[in-house]
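Enquirer: Encoded as structure tokens, here's the structure I'll be asking about.
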Amino acid sequence: MAGDSTISPLFIHSLFKAGALAKSGDSRPFDKKRDGFVMGEGGGAIILETEDHAIRRGAPIKAALLGCANNSDAYHPVSPEPNGNGAAACMRLALEQAGLRPEDIGYINAHGTATLQGDVAETKAIKQVFGSYRVPVSSTKGATGHLLGAGGITEVIACVKAIETGILPPNIHCDEQDEACDLNILANAPAAKHIDIAMSNAFGFGGQNSNIIVGRYNG
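Taken in order, the sequence shown gives residues 254 to 472; the numbers are from the numbering used here.
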């Protein structure tokens with residue numbers, strides 16, 4: 254177990270100088286007036302184990318890990334690859350590992366940091382992979398802020414809860430969706446929808462891309 258405080262004067266100043274932080278005070282993923290993210294703090298944990306082990310110890314199985322992938326496009330230290338090619342390749346790798354088609358995904362928890370370049374690049378990546386399929390998408394960073402190292406795991410948990418409850422989390426502070434981010438965004442309100450499979454995107458500085466696909470456990 255390890256801990257870290259990412260909200261520190263040095264780190265805040267570094268992100269501000271990189272142009273990543275919201276001057277408006279709100280994190281507005283996919284909104285026309287977005288201007289960066291708000292830092293947040295939080296944490297989460299998922300126990301990953303084999304099905305046999307979970308059954309033997311009587312654990313309540315919340316979901317199944319169906320596929321995952323990581324890659325790096327190494328485009329730039331802080332800016333995303335503008336066409337989303339590396340992110341798209343990562344999503345395809347996870348789908349291939351899971352043996353799934355794009356239309357099998359019921360919900361995407363987007364990386365959606367509310368940066369000008371990042372949200373457009375992710376939009377292009379999702380459209381590369383999903384084409385005309387209007388999969389529901391939201392970024393929970395509008396509600397939580399960017400949890401940085403904890404962001405990936407908490408957003409996977411959001412996917413698990415969406416499967417478990419049939420409630421897809423909203424993309425808050427998206428009051429006027431950017432035309433360049435023309436995805437099926439769940440703007441400002443949750444959606445009631447039964448889904449069996451969800452995908453989580455997590456991208457980082459230096460062109461790091463990660464994707465996890467979770468599904469309903471039917472054991």
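Using N, Cα and C, we set each Cβ at its ideal position, and we do this for glycine too. Given the structure is predicted, the values throughout are model-derived calculations rather than measurements.
Looking only at DSSP bridge pairs, what is C321 linked to?
Expert: Looking at the DSSP assignment, C321 forms a beta bridge with I465.
Enquirer: Entirely within the segment 314–364 and at least 4 residues each: give me those alpha helix (DSSP H) ranges in chain order.
Expert: For the segment 314–364, whole alpha helix (DSSP H) runs of length 4 or above, ordered along the chain, are 338–351.
Enquirer: Check D372 in the structure and name its three-state DSSP category.
Expert: Helix, per DSSP.
Enquirer: Opposite S277 in the DSSP bridges: which residues?
Expert: S277 is not bridged to any residue.
Enquirer: Might you give, ordered along the chain, the residues of its own chain that have their beta carbon closer than 6 Å to the beta carbon of S325, omitting 5 neighbours on each side?
Expert: G460, Q461, listed in sequence order.
Enquirer: Taking Cβ positions, are L421 and A444 nearer each other than 8 Å?
Expert: Contact flag set, yes.
Enquirer: Within this structure, are the beta carbons of H426 and D284 separated by less than 8 Å?
Expert: Result yes, Cβ atoms of H426 and D284 sit closer than 8 Å.
Enquirer: Can you say whether D279 is buried or exposed, counting buried as having 16 or more other CB atoms within 10 angstroms of its CB?
Expert: D279 is buried by the Cβ-count criterion.
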